[in-house]
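See structure below.
In our numbering, the protein residues as written are 596 to 1336.
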């Protein structure tokens, strides 16, 4: 019998043809003490590790059962293939299985089974008005964009299999065609190149090796513009003046550096525009003008400085313009095409100030012509120009507690005033416009409104509703998100947000979920609709988001205050925020949990080890558990930034900083962690490798901590597929229901 079982041990894969959809099935069969057991995966549905109820194999006949799901498979083994029938819910389909060696990343024995996760999900009890899917199902219609001539509107439309196809609607006739069909891989982004062609972006299973594709609006001439293995590509410039070309960058010739190419979007023909010859001091930014001429570029120097090279008009070579620290800002936003001085540009800079400001700059004579806009408290970083009206400034702005827009041009003042009257109390932004700027796409949002798209006619001033993205979520039922300001224990002014459920508004102290953001450097939390905090509020939890030191938007001194403080003072800031909301009477200090992704996931693990009595539970989503392994396993294209990472985090080559790194790496402080932890990971994550999650799960389980572990083998750094997202949030709600009361 044992020898017979040896024939079927291993991984078996096959494909069902279900109503025209190819559905991959994987059976994993193992043997223990002469008994065969197994699990089933259905990757298309995000289902992994479904336990088989029974496995029998006699006389080359295999029978597999999953009683709970009513699934049966019966087949005959012959020459390493099993030919048989798959049955479920009265449907019978032929299924041929082939022996396959599947090497999944990470330690698959650690991953919670489907049954275990289902039991966790079932703990989210209660008569809730809204279900998890109400917050995290992708909108039926989304991502609206106007074609340059305004004749068409493109958008994403979700089908009943959660595929989000790209549709194109002719505005005049209402005729709709499917331009791009989404298949197994997610379309990560798309946009108009010209009136006839679209560009879209895909990777493989979240590995972030993005390819760029171009396609006609009728779905013809679909070509991969970057058909290279293990290469990451992105768009640099759309070249409005040359409608058949775009400028892209990719790391084709050297995985560590990105070089610009001009690509013909009809044929895929590539022309390399610049060679990045010094990977140790990589070029990290290119400034092309509207005609596709390379005018300047930024280059890393010794890992922690930035050199800017500029070629003044009338000269033939690039000269060193200046050398700055990597964390100082000098960004050419746009050349000033309205000026006769071709070396004029709008520049975002903080070289001579703490906060970034927008200035008009003479790049040839290296001097500021005039300041355009600044703010005393926040980085000014918003500017919009009108290509149609000779490049005049339409508006400037910044993000403080909320986004603040200051209209400049007379034309935009009228548009802004009109929109402000129609959408009082909401944030609205221009998400697209035609080349003639006679039609705009406007998105309207608030802390209680996910978003509505409007088609705006600038002549009539009329805004026509295109779609309410989440009509199932009623504004009157959503929670309020309040900006907060408080002092850190060492006197720093900190900002953040608290989302409060109704019970907290009525004066009751409620359980609190702290949600540190990712990054950590230069990222910040913002005011607006957040499906996570709204879900938490619907279950009675308040959510705290702190823009701790090193967050972006508050000036370079605030950014630098967080260098070499990750897991230390940056974590203190989060704790000080918790104390602040407890002092306000909103939160129950005995009912605090922490949840975060990426750096936020690291903050979860660090928080559970640093202040083990503060948190009742934690959820670590694609988080770092060991800073040493994070630094040693970074992608190739991060390696030019290694010294910068050392400056932000810790320099592992210095004995004293390596000691601090050990002090703040959660993996070395397992003994301090006692609270239950839910770990969630994408198997293909190129930034935080699955080993980061595996090692924390194993170490904590070995000491008896409750650690459910969800892994998706078709995802990377965060889940992109709707079904995976919904399952994750369902499980998280069950986990919090179990541990927050």
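All C-beta atoms, glycine included, are put in the ideal place defined by N, C-alpha and C.
A quick note: this is a predicted structure, and the numbers were derived from the prediction, not measured.
Nearest-angstrom Cβ-Cβ length linking residue i and residue j, presumed shorter than 8 Å
i            : j            : result
residue 761  : residue 775  : 4 Å
residue 1091 : residue 1072 : Residue 1091 to residue 1072, Cβ: 24 Å. No contact.
residue 1096 : residue 1136 : 7 Å
residue 676  : residue 693  : 6 Å
residue 750  : residue 738  : 6 Å
residue 1109 : residue 1139 : 5 Å
residue 980  : residue 987  : 7 Å
residue 1217 : residue 1277 : 6 Å
residue 1076 : residue 1122 : 6 Å
residue 798  : residue 805  : 5 Å
residue 719  : residue 1332 : 5 Å
residue 1035 : residue 1051 : 4 Å
Residues near residue i in its chain [Cβ-Cβ closer than 8 Å; skip 5 each side]
i            : result
residue 1232 : 827, 846, 850, 851, 852, 853
residue 697  : 606, 608, 621, 623
residue 717  : 1329
residue 908  : 937, 938, 959
residue 777  : 758, 759, 760, 761
residue 641  : Because residue 641 sits at a pLDDT of 49, beneath the cut-off of 50, its placement in the model cannot be relied upon, and the following sentence gives the value as read from the coordinates. For residue 641, where only same-chain residues beyond five positions count, the Cβ hits under 8 Å are 1307, 1309, 1316, 1318, 1319, 1322.
Bridge-paired residues (DSSP) for residue i
i            : result
residue 844  : 829, 855
residue 962  : 957
residue 849  : Answer by DSSP bridge pairing: none, since residue 849 is not bridged.
residue 1093 : 1077, 1139
residue 673  : 676
residue 939  : 957
residue 603  : Residue 603 is not bridged to any residue.
residue 1065 : Beta-bridge pairing links residue 1065 to no other residue.
residue 646  : 634
residue 914  : 905
residue 667  : 660, 682
residue 773  : 762
Proximal residues to residue i (C-beta, below 7 Å), its chain only, five neighbours per side dropped
i            : result
residue 903  : 891, 893, 916, 917, 925
residue 765  : 746, 747
residue 602  : 672
residue 665  : 683, 684
residue 597  : Here residue 597 scores only 43 on pLDDT, less than 50, and its place in the model is too uncertain to base an answer on.
residue 1144 : 1087, 1153, 1156, 1157, 1160, 1164, 1165, 1168
residue 1265 : 1294, 1295, 1298
residue 998  : 992, 1022
residue 818  : 808, 809, 863
residue 865  : 856, 858
residue 837  : 887
residue 1017 : 1058
Segment limits, alpha helix (DSSP H) that includes residue i
i            : result
residue 1128 : 1126-1133
residue 758  : Careful: residue 758 lies outside any alpha helix (DSSP H) and carries neither H nor E.
residue 1329 : 1317-1334
residue 783  : Careful: residue 783 lies outside any alpha helix (DSSP H) and carries neither H nor E.
residue 1155 : 1151-1155
residue 653  : No alpha helix (DSSP H) holds residue 653; the beta strand (DSSP E) holding it covers 649-653.
residue 730  : 727-731
residue 1098 : 1097-1100
residue 1290 : 1285-1297
Own chain, CB closer than 6 Å to residue i, minus 5 neighbours either side, in chain order
i            : result
residue 1012 : none
residue 1177 : 1184
residue 1069 : none
residue 969  : 952, 975
residue 1255 : 1245
Any non-hydrogen atom of the ligand NAP within 7 Å of residue i CB
i            : result
residue 1059 : Looking at this structure, you won't find the ligand NAP or any other ligand, since it has none at all.
Terminal residues of the beta strand (DSSP E) in which residue i lies
i            : result
residue 1178 : Per DSSP, residue 1178 belongs to no beta strand (DSSP E); it is in the alpha helix (DSSP H), 1164-1178.
residue 710  : Unbroken run through residue 710 is the alpha helix (DSSP H), 709-716; no beta strand (DSSP E).
residue 740  : 736-741
residue 631  : 630-637
residue 622  : 616-627
residue 751  : 747-753
residue 1192 : 1182-1192
residue 1307 : 1304-1307
residue 1158 : That residue, residue 1158, is in no beta strand (DSSP E); it is neither H nor E in DSSP.
residue 1048 : 1047-1052
Complete beta strand (DSSP E) runs within the region 855-891 (minimum length 3 residues, chain order) | Counting only runs of 3 or more, we get 865-867, 878-883.
Complete runs of the beta strand (DSSP E) confined to the region 1197-1272 [at least 3 residues] = 1212-1216
Pick out the complete alpha helix (DSSP H) segments inside the region 977-1025, 4 residues or longer, and give them in chain order.
-> 1005-1017
With a floor of 4 residues, list each alpha helix (DSSP H) that falls wholly inside the region 788-823, ordered by position along the chain.
-> none
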